[in-house]
Amino acid sequence: MPELPEVELYCRYFAGHALGRGVAAVRVLDARILGVREHVLRRALIGREFVDVRRHGKHLFASAGTSWLHLHFGMSGDLAFYRDDAEAPRFARVVFDFEDGNHLAYDDMRLFGVVDVTPDPDVFIAEHRLGPDPLDPAFHLRDFRQIVSKRRGAVKSLLMSQEIIAGMGNLYADETLYRSSIHPRRTVDGLSDAEVKMIFTNMRAILKEAITFKSRGGDYPGRYLVQHREEGDRCPQCGGTIQRTVVFGRTTYFCAKHQTLPRRKK
DNA sequence: TTCCATGTTCCGCA
DNA sequence: TTGCGGAACATGGA
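In this note's numbering, the protein residues as written are 1 to 266.
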């Protein structure tokens, strides 16, 4: 599930449950999830306390003093805080046992996520060449224009490339283009200034909205494309037909009526 | 049984 | 150099 809004909620969940708690033990239930040797993870956390938590794109960083726990959630990662072992989630891969008897499990059915340790989130971000976080207040339209001007190819590919913009995934890329009335296969160099601005504005609005209604436990509104991810469904915005295709290797939905491709010369 | 899944990485090709 | 297509990874649900 996790794209930027979901990881933002995990971040808040971590802040609400794990900050200020001392780590008594780290149990690795499936070492395939680790991006670091088990003893390095344990040494970094045991006997320490989580004092800060940050997010960049889809990545979560939690400070334990001198080093940071890094979590990436892949396709099915999740967090679960609980007291009673009977409440442990089914696919718990790493469990952090706190000194006060509570536990935080990193749960990930499909094992595409990563649990590891980094000395500094900023170094991690640089090393992994992650682009700016779209909700960073320091990320402005002029920065986005700068990025866009150096690119070609399909606009959806741009939105999904983590080294360009960190945090957008398949769903929110589709949602952004849907609201912007732009076909996912439009090429970046063919976008007008107004369209680039619309993508920038809608991308941030949608991510913020998603955080808001998800934090209230709600679902996406019916006007969202994500509620209509089915070939042949009716577009709630214009009544057009929802179509399915593949862009950047991912299943892509769009409205055939209000997200159109420019005519191509033969 | 087969296909699909909200992510990332790596390789080959144009 | 840039970008894309495809495959791989691991697992469960429709």
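Just so it is clear, CB atoms sit at the ideal spot from N, CA and C, and this is done for glycine as well. Since the structure is predicted, the reported quantities are computational estimates derived from the model, not experimental observations.
- With respect to the 8 Å criterion, Ala80 and Ala18 are not classified as neighbours on the basis of their beta carbons.
- Taken in chain order, the whole beta strand (DSSP E) runs of length 3 or more contained in the stretch 15-95 are 23-28, 52-56, 59-63, 68-72, 77-82.
- The straight-line gap separating the alpha-carbon atoms of Glu175 and Leu225 is approximately 6 Å.
- Remark: fewer than three beta-carbon pairs, one from each stretch, lie closer than 8 Å, so the stretch 152-160 and the stretch 68-84 are not flagged as touching.
- The beta-bridge partner set that DSSP reports for His183 is empty.
- For Ala44, the closest of Asp52, His140, Trp68, Arg54 by C-alpha to C-alpha distance is Trp68.
- Contact between Tyr172 and Gln259 is absent: CB atoms are separated by about 15 Å, not below the 8 Å threshold.
- Under the three-state reduction of DSSP output, Thr260 falls in the coil class, being neither helix nor strand.
- In this structure, the straight-line span from the alpha carbon of Thr201 to that of Lys150 is close to 20 Å.
- Taking a contact to require three or more Cβ pairs closer than 8 Å, the stretch 24-31 and the stretch 225-238 do not qualify as touching.
- DSSP places Gln237 outside both helix and strand once states are collapsed to three, so it counts as coil.
- Around the beta carbon of Leu141, fewer than 16 other beta carbons lie within 10 angstroms, which makes this residue exposed.
- Secondary structure at His228: helix, using DSSP grouped into helix, strand and coil.
- Less than 8 Å separates the beta-carbon of Glu49 from that of Ala64.
- Between the alpha carbons of Gly20 and Phe124 lies a gap of roughly 24 Å.
- Cβ atoms of Met203 and Pro132 stay farther apart than 8 Å, at about 12 Å.
- Bounds of any beta strand (DSSP E) do not take in Val188, whose DSSP letter is neither H nor E.
- Of the other Cβ atoms in all chains shown, 16 or more fall within 10 Å of the Cβ of His70; this residue is therefore buried.
- In this structure, the alpha-carbon of Gly167 lies about 33 Å from that of Glu99.
- Residue state for Ala154 is assigned as strand, using DSSP reduced to three classes.
- Under DSSP, the beta-bridge partners assigned to Gln243 are Phe254.
- Cβ contact annotation for His59 (same chain, cutoff 6 Å, sequence separation greater than five): His72, in chain order.
- As DSSP reads the structure, Phe98 sits in a beta bridge with Val23.
- The beta carbons of Thr245 and Thr252 sit closer together than 8 Å.
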